[in-house]
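Chemist: One rule links them: number in my numbering = place in the sequence shown (from 1) + 1259.
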Amino acid sequence: MGAGRQKGGRRGGEEEKQKRQHPRKNRFLTSPLSSPWERTAAPDLYTRPQLRVVKQWRLLYTRHLGCAVQQLRVVKQWRLLCARHLGCAVQQLRVVKQWRLLYARRCTRYSESIPLSVPLCVGFQEIERLSEQLEEKEREAQQLLSQPGLEREKEVALLRRSVAEKERARAASHVLCRSLADETHQLRRTLAATAHMCQHLAKCLDERQGGQGTAGEQSPEPKCTEGDASVHAVVEKLREENRVLRQKVTHVEDLNARWQRYDASRDEYVRGLHAQLKGLQVPLEPELMRKEVSRLNAQLEEKMDDCAEARRELAAARSARDAALERVQMLEQQILAYKDDFTSERADRERAQSRIHELEEQVASLQRQASWRQPPSLYFIYSSLTSNQHEALRGWVQAEQ
1260 MGAGRQKGGR RGGEEEKQKR QHPRKNRFLT SPLSSPWERT AAPDLYTRPQ LRVVKQWRLL
1320 YTRHLGCAVQ QLRVVKQWRL LCARHLGCAV QQLRVVKQWR LLYARRCTRY SESIPLSVPL
1380 CVGFQEIERL SEQLEEKERE AQQLLSQPGL EREKEVALLR RSVAEKERAR AASHVLCRSL
1440 ADETHQLRRT LAATAHMCQH LAKCLDERQG GQGTAGEQSP EPKCTEGDAS VHAVVEKLRE
1500 ENRVLRQKVT HVEDLNARWQ RYDASRDEYV RGLHAQLKGL QVPLEPELMR KEVSRLNAQL
1560 EEKMDDCAEA RRELAAARSA RDAALERVQM LEQQILAYKD DFTSERADRE RAQSRIHELE
1620 EQVASLQRQA SWRQPPSLYF IYSSLTSNQH EALRGWVQAE Q
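Spelled out as structure tokens, the structure:
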């Protein structure tokens, strides 16, 4: 018993020494359990090897937690990257949609008919757009002057942008020139058809006048001559309209040539800009760059004014062409109406001529019947008399009766 008490006393003293030497371990042992392995291992952890095992378990647990946190961070980063990629894809889709809308609008403007229902004249919206572009160029010039380190890059970007705009304008002008050439060709064909119809009517009128000169000398009709005069006046009017339309065609061809010259000058300007881009090796000074920007702005304004003037002239030619086409259609309808009147009048005349021939045959048959009933001497005397003598003889017979 005494030995047992001594052993128990020794153990208690050793435990007290351990508590004094390692207060943290003792606090760990007496603290509430925070993990499953602590709950199972803590009641018997009183030696150093066991404490080392607990430490190792705690280190593994903390490392495990750190890896889990790192994995969560990686997952969050991947989520952010996916969201950014999705945002970029959405922005790219929006940009593609905007480009498609712009392309569709330009196609509907400059193609299809450019039925030259394309707005050729510069409207208020076009002026606002051009003014906004000019203000943007001025702001870019101010930024370029305020940042001397990026002068060359800014100038190159500005020149490339202007070259791209000029190329787009060149493509649009090419489409406009093509449509104008097609419309000029169509107008020529219309004029040729009108001239052919006028020649046909003139030929019919000449034939009619020749027929009237041979057959209508004995019985002139004032109404027919008035109709011929009206038809002749219509033909003269059509010839005058044909001459005016030819003048308009020449005017449109002149405008087309002027537009082609303008297109060639613009091509030269674009080539000059390309040469400037290739030869731009030394960064420009601020003053020289300001002068160059002002010169380019002045040239751009001049080209825009020339383009606006050419578009106004084209719009005027377009309206004149439309009016001329409407006039031609109206005149064609009038020609068809006059042609119908002419054919109906000709048919009436033919019917009258056939009726006259029938009456003459009836008169001849009646005269033959009268000659059979009268004596031969009186018949020869009566047939030798003129129309005036016939009328005088009839009046005398009636007076005697």
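Positions of the beta carbon are idealized from the N, C-alpha and C atoms, including for glycine.
Is the beta carbon of residue 1579 closer than 8 Å to that of residue 1507?
Modeler: Counting from 1 along the sequence shown, the entry for residue 1507 is found at position 248. Counting from 1 along the sequence shown, the entry for residue 1579 is found at position 320. Yes, these two residues count as a Cβ contact at 8 Å.
Chemist: Just to confirm my understanding: we take residue 1443, look at its own chain, exclude 5 residues before and 5 after, and list those with CB closer than 8 Å. What are they?
Modeler: Looking up residue 1443 in the sequence shown gives position 184. Result list for residue 1443: 1508, 1511, 1512 and 1515, in chain order.
Chemist: With distances taken between CB atoms, is the gap from residue 1499 to residue 1586 smaller than 8 Å?
Modeler: Counted from its first residue, the sequence shown places residue 1499 at position 240. Counted from its first residue, the sequence shown places residue 1586 at position 327. Not a contact, by the Cβ cut-off of 8 Å.
Chemist: For a test of the three-state rule: what should DSSP assign to residue 1306, helix, strand or coil?
Modeler: By 1-based counting over the sequence shown, the position of residue 1306 is 47. If DSSP states are grouped into helix, strand and coil, residue 1306 belongs with coil.
Chemist: Let me know the beta strand (DSSP E) ranges lying completely inside the region 1557-1603, each 3 residues or longer, listed in chain order.
Modeler: Whole beta strand (DSSP E) segments, 3+ residues: zero.
Chemist: Contact check, residue 1450 vs residue 1504 under 8 Å by CB: the rounded distance?
Modeler: If you number the sequence shown from 1, residue 1450 lands on position 191. If you number the sequence shown from 1, residue 1504 lands on position 245. 5 Å between Cβ atoms; contact.
Chemist: Would the region 1420-1430 and the region 1520-1531 be scored as touching if the rule is three or more Cβ pairs under 8 Å?
Modeler: Counting Cβ pairs under 8 Å, three or more are found: they touch.
Chemist: Suppose contacts are defined by Cβ-Cβ distances below 8 Å. Is residue 1464 in contact with residue 1433 by that definition?
Modeler: One-based indexing of the sequence shown puts residue 1464 at position 205. One-based indexing of the sequence shown puts residue 1433 at position 174. Cβ atoms of residue 1464 and residue 1433: not closer than 8 Å.
Chemist: Can you give me the Cβ contacts of residue 1650 inside the same chain, cut-off strictly under 8 Å, excluding the 5 residues immediately before and after it?
Modeler: In the sequence shown, counting from the first residue as 1, residue 1650 sits at position 391. Here the set comprises nothing.
Chemist: Looking only at its chain, what residues have a beta carbon closer than 8 Å to the beta carbon of residue 1588, apart from the 5 residues adjacent to it on each side?
Modeler: Locating residue 1588 in the sequence shown gives position 329, counting from the first residue. So the list is empty, once near-sequence residues are dropped.
Chemist: In its own chain, which residues sit with a C-beta less than 7 Å from the C-beta of residue 1590, not counting the 5 before and 5 after it?
Modeler: Translated into positions along the sequence shown, residue 1590 becomes position 331. Only 1497 and 1500 meet the Cβ criterion.
Chemist: Determine the burial state of residue 1569: buried for a count of at least 16 other Cβ atoms within 10 Å of its Cβ, exposed for fewer.
Modeler: Residue numbering aside, residue 1569 sits at position 310 when the sequence shown is read from its first letter. It is buried - the Cβ of residue 1569 has at least 16 other Cβ atoms within 10 Å.
Chemist: Looking only at its own chain, which residues have a Cβ that is under 8 Å from the Cβ of residue 1593, when we skip the five neighbours before and after it?
Modeler: For this step, residue 1593 is matched to residue 334 along the sequence shown. The residues are 1493.
Chemist: Measure the C-alpha to C-alpha separation of residue 1395 and residue 1457 and round it to an integer number of angstroms.
Modeler: Walking along the sequence shown from the start, residue 1395 turns up at place 136. Walking along the sequence shown from the start, residue 1457 turns up at place 198. Computed Cα separation, rounded: 58 Å.
Chemist: So, for residue 1469: in the same chain, excluding its five sequence neighbours on each side, which residues have a beta-carbon less than 6 Å away from its beta-carbon?
Modeler: Looking up residue 1469 in the sequence shown gives position 210. Excluding sequence neighbours, residue 1469 sits near nothing in its chain.
Chemist: When burial is assigned at 16 or more other CB atoms within 10 Å of the CB, is residue 1518 buried or exposed?
Modeler: Counting from 1 along the sequence shown, the entry for residue 1518 is found at position 259. The residue is buried, with at least 16 neighbouring Cβ atoms inside 10 Å.
Chemist: How would you label residue 1328, buried or exposed, when you count the other beta carbons within 10 angstroms and need 16 or more for buried?
Modeler: Within the sequence shown, residue 1328 is the residue found at index 69, counting from 1. Result: exposed.
Chemist: Using 10 angstroms around the beta-carbon of residue 1577, count the other beta-carbons present and answer buried if the total reaches 16, otherwise exposed.
Modeler: By 1-based counting over the sequence shown, the position of residue 1577 is 318. Residue 1577 is buried by the Cβ-count criterion.
Chemist: Quick one, are the C-beta atoms of residue 1536 and residue 1419 less than 8 Å apart?
Modeler: For the purposes of this step, residue 1536 is identified with residue 277 of the sequence shown, where counting begins at 1. For the purposes of this step, residue 1419 is identified with residue 160 of the sequence shown, where counting begins at 1. Yes.
Chemist: State yes or no: is the C-beta of residue 1522 within less than 8 Å of the C-beta of residue 1436?
Modeler: In the sequence shown, the residue the question calls residue 1522 occupies position 263. In the sequence shown, the residue the question calls residue 1436 occupies position 177. Yes, these two residues count as a Cβ contact at 8 Å.
Chemist: Between residue 1629 and residue 1616, what straight-line distance do the alpha-carbon atoms span, to the nearest angstrom?
Modeler: Taking the sequence shown and counting its residues from 1, one reaches residue 1629 at position 370. Taking the sequence shown and counting its residues from 1, one reaches residue 1616 at position 357. When rounded, the distance between both Cα atoms is 20 Å.
Chemist: With distances taken Cα to Cα, identify the nearest neighbour of residue 1520 among 1552, 1549 and 1562.
Modeler: In the sequence shown, counting from the first residue as 1, residue 1520 sits at position 261. Considering only alpha carbons, the answer is 1562.
Chemist: From 1534, 1315, 1417 and 1467, pick the residue whose C-alpha is nearest to that of residue 1606; which is it?
Modeler: Stepping through the sequence shown from its first residue, residue 1606 is reached at position 347. Nearest of 1534, 1315, 1417 and 1467 to residue 1606, Cα basis: 1467.
Chemist: Is residue 1602 buried or exposed, if buried means 16 or more other CB atoms sit within 10 Å of its CB?
Modeler: Locating residue 1602 in the sequence shown gives position 343, counting from the first residue. Per the 10 Å Cβ criterion, exposed.
Chemist: Can you tell which of 1598, 1320 and 1575 has its C-alpha closest to the C-alpha of residue 1462?
Modeler: The count along the sequence shown starts at 1 and reaches residue 1462 at position 203. Of the candidates 1598, 1320 and 1575, the one whose C-alpha sits nearest the C-alpha of residue 1462 is 1598.
Chemist: Please report how far the alpha carbon of residue 1310 lies from the alpha carbon of residue 1326, in whole angstroms.
Modeler: Here residue 1310 corresponds to residue number 51 of the sequence shown, with the count starting at 1. Here residue 1326 corresponds to residue number 67 of the sequence shown, with the count starting at 1. Residue 1310 and residue 1326: Cα-Cα distance of roughly 24 Å.
Chemist: Compute the beta-carbon to beta-carbon distance between residue 1532 and residue 1421, rounded to the nearest angstrom, for a pair I have assumed lies under 8 Å.
Modeler: Within the sequence shown, the letter at position 273 stands for residue 1532. Within the sequence shown, the letter at position 162 stands for residue 1421. Yes, they are in contact, since the Cβ atoms of residue 1532 and residue 1421 sit about 6 Å apart, within 8 Å.
Chemist: Does the beta carbon of residue 1614 sit closer than 8 Å to a beta carbon anywhere in chain B?
Modeler: Among the protein chains of the structure shown there is no chain B, as only one such chain exists.
Chemist: Buried or exposed, going by whether 16 or more other CB atoms sit within 10 Å of the CB of residue 1663?
Modeler: No statement about residue 1663 is possible, as the shown extent of the chain runs from 1260 to 1660 and does not include it.
Chemist: Buried or exposed for residue 1397, please, with buried defined as at least 16 other CB atoms from any protein chain shown within 10 angstroms of its CB.
Modeler: Position 138 of the sequence shown, counted from the start, is the residue given in the question as residue 1397. By the 10 Å Cβ count, residue 1397 comes out exposed.
Chemist: Report the option in 1621, 1447, 1332 and 1393 whose CA atom is closest to the CA atom of residue 1558.
Modeler: The sequence position of residue 1558 within the sequence shown is 299, counting from 1. The residue with the shortest Cα to Cα distance from residue 1558 is 1393.
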